[in-house]
Structure formats: C-alpha cells, structure tokens
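K.L.:
Residue numbers (my numbering): 7 to 568.
Every residue gets a Cβ at the ideal spot worked out from N, C-alpha and C, and that includes glycine.
Could you have a look at this structure, given as structure tokens, before my questions?
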C-alpha cells in the first residue's frame, strides 16, 4: 500500500498528493461511517450505534498514521541515507520544511477531531439513552422496575454515581423514596421525609432545577454537608405530569469531581418529561391493579356471604313455612272454636229471649193496671224488674246482632227516611232515661236535614247506644246531640264532658270486648261500640271518635243523604 501511495505522489506532485490523501482518509471515510451511524440511531439501533462511531474514529486514526508515514518519508533523510531507489538526498530543501508545517497542522486537526468525537460520543449516548427510556416508559408496567432502569440510564449519561427518585405525598408535604442507586447509606424504598427537611426543598418550592456546586458553602444547604450525599456537588430536578409537580430526581457525586451542567439539566428534563406521564400512568395502573385485587377479594367474600346467606335463607324459609303451617292449624282451630262460641252464644241468646219477653210482657201488663190496682211499693219493684229485663234484652240483642254480622247473616232493610225524625225520637228516648244527678241532656237538630237511605230500627238503635254510653259514663256535665247538613252528607255528633279517653286507647275503642279501664266496674259487654260502627258502615257511613284524658269525647257519624 505504501508503494501505491508513493506512486501516486510521483504522478500528481507531492503537495497535491498530500491534500487528496488527507481529504480521503481524514474526512471522506469517517463521514461515510458517521452517515451510517446517524441512520442506525434514527432507525432505533440504540447502544450498538457506538460501534459505528468507533469505526469512524479508527478510520481517521489509520489514515492519519499513513499520512504521517508519508510525511516522514518525504522529509530530510538522515546523513548518508538513501531512498528506496538508491538515490541520495543531498540536503533538506524547501519542500521538507513545508511538509513539516503540514504535519503540525494535521496534529492540530487531530486534536480537534478527538474533541468532536468525544462530544459526538456523548450525544450518541444521550440519544440512545432517551430511546431506551422511551421504550421503558411505553413497555414496562411495573413501576419500581421502570424507575430503577430509568434512574441508572440517567446517572450514566450525566456521570453521577449516586441518585434517587422521590415522589410527593401527603398533599405535597412529604417526599417518598421510590428508587435509589449507589447511596452510601441504607436507602429503604417507601421511607419518607418532610419537604422542609430535604435537599429537594428549594426545587419543590420553586418548581425548577437546582444545582449546588458545594454543599459546604451554599447557605441554603450547609446543614446537608454530609458524606452520605457523596461529593459536594448536588443536582435536584423536579418531575412534572400534566403540569403538576409529582416528584424530584436527586443526583450527586459527579465523576471527576465536576459540577453538574445545564446540559445535564436539559437531558434530565427531556428524559423525565416522558417519565412523568409514565410515572403517573404507572401509579394509576398500580391503583387499578390494587382496586382489582380488592374487588376480587370482596367478590370472593361476597360469594362466601351469598352461599352462607343462601343457606340461612333456606333454613329460615323452612322455619317460616313450619311456623306458617302451625299458625294456619292454630287459626283453623281458633276459627272453629270461635264459630262454636258464636253458635253457642246465639243459641243461648235465643233461649234468653223467650223468658225475657215473658218477663217484660207480664211486667208491662202489671204496670198498666189491667190486672187491678197494686200497691205503690209493688209498682216500684215491678218497674225495676221491667227496666232490668229491657237492659238484659238489649244485651242479648247485641250478642245476637254481633253473631249475625260475623256470620254474614245480618241484614238491613234500607228505605228513604227523614233523619231529623229519627234523631228527635232517639234524643227523647235517651233524655228520658235515668241519669246521674248534675248531668243534662240536650240536642240541636235542624229541620232541613236531607233524607237518608236507612233501616229505621237498626240506625236508631245505633244512635241511641251512642247517647246511652255518653249518659252512662258522664259523671257530671252535659251530653249533647247535634246534627248538620254538609253538602250531600249529614254529620251527627254525640258530645259528652266525661273523663275522656287516652290517646293510646283510641285505636281500640271499636274493638269487640274492649272497655275503658276506668269503666270496667260499671257493667257492659264491650260489644256496643263495635256493633254501632258496623251498623253505620252498613249504611255507607263512617264513625270516628275524638277525645283526650279529662276532656270532652265526641263520636261523629257521617251518613250520605239523598
């Protein structure tokens, strides 16, 4: 090859030959290799692209070595020396001087080439690292694994030996360690420190990167001058996601004892500008995974609860069914017993009515004087017998009517009647009854009351019972019967000033056999009000009661009018 170079020198001239050789070996071949290098980087070749860089440098060095050999051969020969053709060189002429100057110029070019190669190598390292970081952000879903890899790549590019990544928690009041590498002390992932007590305080508060050349001389960080942070130089870069500060990256102990530069900050911003979103997405992914695990656990618990609940429901259903069967059997027995009771009461009542009618008939005959004059004392006794018989007959009639209502055989013969006449008749009969001294019986019945469709005897008996009850249970004061026409309804009220009824007892007033606790020693069967309510309802009316303890009691009957 050296012979080929010398022949070219002889053919083209020494200076022209050297220029072409320089252009070919030092510029053309390395540029071709660099073109291949850039293509490989753009295509995503990663760290393998450095091979092309070293190839370019090798071509340049080889060419420069060959060129230096040619220059040496063209320079002055040693005394008595000869060239390859045996021709002696007498002395060093002007061409040799010029060639030595060219050689020095190429030394300077080589130094510049070395510097440019170093810068290019660093830029290639940055590009390949950014490419790898982008791949990590897009491919990795494990947050810890991704952060560890990203941190190591970033530290290699900026020549840092110690690094950590921390995220803001507790509303931005604390920093939590999520990744660490090369720390001299035991760094526990998940440990926390207050922002105010950390080296990242200024970066967090101001939202910008902070470079500390010397921890010992910077008043903001003098208290952190500790060997555990490595060299005095320190760098903190804030991490953002969607414009929100989410954490910081801390780097220290730059190789060679240097200070972190703006280029380092620009690289970290470019690298972690991608990682900020990935960090947030990874956090969301972890939360989603955690939520999925929790939901899955809850689902398993719910399945267990459902199976247990299903068993409990089956068992409870069996118990309820058994209880229902028992209850139905009991209700059947009770209904049968109630039917037997009603039949017995009806039968006994019928048997009572025959002798009662005889007693009432003969007592009426005696009192009429048709059997002759009787002594006054005997007359008084017969009157008492007659009144007792009438009272007993009403009780028997109530029992019979209640029995008929329960069996559905109670009938009403409804006809158009003058309600005012019925009310006057009832008032006169009630007010003529014996009553306690100091009790007055009054009535206010307007003549313009409309006709009602009613069974005269049954409606009159129901209204009479309300007045008799009022007179019976009013120790003093007034019992008043009133009526008024309200549209197509007649409203009849019986009001007394008796002892009243407690609120808790009002729902039971119309139940069969219910009696006021204070009235149980005053006689009665407890069927009267239940029978009255049913008779009023058979006339398409309503019966209501209003009362309070110690106050007036009012029974209100509402009947439709014609």
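From the DSSP output, in three-state form, read off residue 258 for me.
P.N.:
On the chain shown, position 252 is the one that residue 258 refers to. Here residue 258 sits in strand by DSSP.
K.L.:
For residue 244, which beta-bridge partners are listed by DSSP?
P.N.:
Counted from its first residue, the chain shown places residue 244 at position 238. According to DSSP, which records beta bridges pairwise, residue 244 is partnered with 254.
K.L.:
Which word fits residue 323, buried or exposed, when buried means at least 16 other C-beta atoms lie within 10 angstroms of its C-beta?
P.N.:
By one-based count along the chain shown, residue 323 stands at place 317. With fewer than 16 Cβ atoms within 10 Å of its Cβ, residue 323 is classed as exposed.
K.L.:
Cβ of residue 300 less than 7 Å from any chain D Cβ?
P.N.:
No chain D appears in this structure, which consists of one protein chain only.
K.L.:
Could you spell out the range, first to last residue, of the beta strand (DSSP E) harbouring residue 463?
P.N.:
Working through the chain shown from its first residue, we reach residue 463 at position 457. No beta strand (DSSP E) contains residue 463, which is instead part of the alpha helix (DSSP H) from 462–478.
K.L.:
Leaving out five residues on either side along the sequence, give the residues of the same chain with a beta carbon under 6 Å from the beta carbon of residue 433.
P.N.:
Working through the chain shown from its first residue, we reach residue 433 at position 427. Excluding positions up to five away in sequence, the list reads 449, 487.
K.L.:
Return helix, strand or coil for residue 570, following the three-state DSSP convention.
P.N.:
Coverage of the chain is limited to positions 7 through 568, which leaves residue 570 absent and any answer about it impossible.
K.L.:
Runs of 3 residues minimum, wholly inside the stretch 403–453: which ones carry the beta strand (DSSP E) assignment?
P.N.:
Listed in chain order, they are 421–424, 445–450.
K.L.:
Which residue spans inside the stretch 154–202 form an unbroken beta strand (DSSP E) run of at least 3?
P.N.:
DSSP runs (the beta strand (DSSP E)) wholly in the stretch 154–202: 166–175, 180–187, 198–200.
K.L.:
Apart from the five residues on each side of it in sequence, which residues of its chain come closer than 7 Å, Cβ to Cβ, to residue 159?
P.N.:
Numbered from 1 along the chain shown, position 153 holds the residue referred to as residue 159. Excluding residues within five positions, the ones whose Cβ falls inside 7 Å are 135, 138, 139.
K.L.:
When the Cα atoms are used, what is the spatial distance from residue 484 to residue 342?
P.N.:
Stepping through the chain shown from its first residue, residue 484 is reached at position 478. Stepping through the chain shown from its first residue, residue 342 is reached at position 336. One C-alpha to the other measures close to 45 Å.
K.L.:
When burial is assigned at 16 or more other CB atoms within 10 Å of the CB, is residue 476 buried or exposed?
P.N.:
Within the chain shown, numbered from 1, the residue matching residue 476 stands at position 470. So residue 476 ends up on the buried side.
K.L.:
Anyone know if the C-beta pair for residue 558 and residue 492 falls short of 7 Å?
P.N.:
Residue mapping note: residue 558 aligns to position 552 of the chain shown, counting from 1. Residue mapping note: residue 492 aligns to position 486 of the chain shown, counting from 1. Against a cut-off of 7 Å, the Cβ pair of residue 492 and residue 558 comes out as no contact.
K.L.:
Taking the C-alpha atoms as reference points, what is the distance between residue 421 and residue 328?
P.N.:
On the chain shown, residue 421 is found 415 positions in, with the first residue counted as 1. On the chain shown, residue 328 is found 322 positions in, with the first residue counted as 1. Their Cα atoms are separated by approximately 51 Å.
K.L.:
Compute the Euclidean distance between the alpha carbons of residue 214 and residue 295, then round it to the nearest angstrom.
P.N.:
The sequence position of residue 214 within the chain shown is 208, counting from 1. The sequence position of residue 295 within the chain shown is 289, counting from 1. Straight-line Cα distance between these residues: approximately 33 Å.
K.L.:
Could you compute how far the alpha carbon of residue 419 sits from the alpha carbon of residue 409?
P.N.:
Locating residue 419 in the chain shown gives position 413, counting from the first residue. Locating residue 409 in the chain shown gives position 403, counting from the first residue. Residue 419 and residue 409: Cα-Cα distance of roughly 18 Å.
K.L.:
For residue 210, I'd like the list of residues in its chain whose CB is within less than 6 Å of its CB, leaving aside the five on either flank, ordered along the chain.
P.N.:
The sequence position of residue 210 within the chain shown is 204, counting from 1. Around residue 210: 201.
K.L.:
Among 494, 405, 489, 541, which residue has its Cα nearest to the Cα of residue 560?
P.N.:
Indexing the chain shown from 1 puts residue 560 at position 554. Looking at the Cα atoms, 489 is the closest of the given residues.
K.L.:
Quick check: the Cα distance between residue 563 and residue 325, rounded to an integer number of angstroms?
P.N.:
As a working mapping, residue 563 is identified with position 557 in the chain shown. As a working mapping, residue 325 is identified with position 319 in the chain shown. The alpha-carbon atoms of residue 563 and residue 325 are separated by roughly 46 Å.
K.L.:
Whole angstroms is fine: what's the gap from residue 547's alpha carbon to residue 508's?
P.N.:
Reading the chain shown from its first residue, position 541 is the one you call residue 547. Reading the chain shown from its first residue, position 502 is the one you call residue 508. Going from the Cα of residue 547 to the Cα of residue 508 covers about 25 Å.
K.L.:
Do you know how far the Cα of residue 282 is from the Cα of residue 163?
P.N.:
The residue labelled residue 163 in the question sits at position 157 within the chain shown. The residue labelled residue 282 in the question sits at position 276 within the chain shown. Cα to Cα, the separation comes out at about 19 Å.
K.L.:
When burial is assigned at 16 or more other CB atoms within 10 Å of the CB, is residue 169 buried or exposed?
P.N.:
Along the chain shown, one-based indexing puts residue 169 at 163. When all chains shown are included, residue 169 counts as buried.
K.L.:
Just list the alpha helix (DSSP H) runs in the stretch 483–533, keeping only unbroken ones of 4 residues or longer that don't cross its boundaries, in chain order.
P.N.:
If we require 4 residues or more, the stretch 483–533 turns out to have no alpha helix (DSSP H) run fully inside it.
K.L.:
For the beta strand (DSSP E) holding residue 549, just list the boundary residues, first then last.
P.N.:
As a working mapping, residue 549 is identified with position 543 in the chain shown. Unbroken beta strand (DSSP E) run through residue 549: 548–552.
K.L.:
Taking residue 512 as the reference, give the member of 461, 498, 536, 317 with the closest Cα.
P.N.:
As a first step, residue 512 must be located in the chain shown, where it is residue number 506. Selected option, being the one with the closest Cα: 536.
K.L.:
Could you tell me whether the stretch 266–276 touches the stretch 237–245, where touching means 3 or more Cβ pairs closer than 8 Å?
P.N.:
In short, these stretches touch, since the Cβ pair count reaches three.
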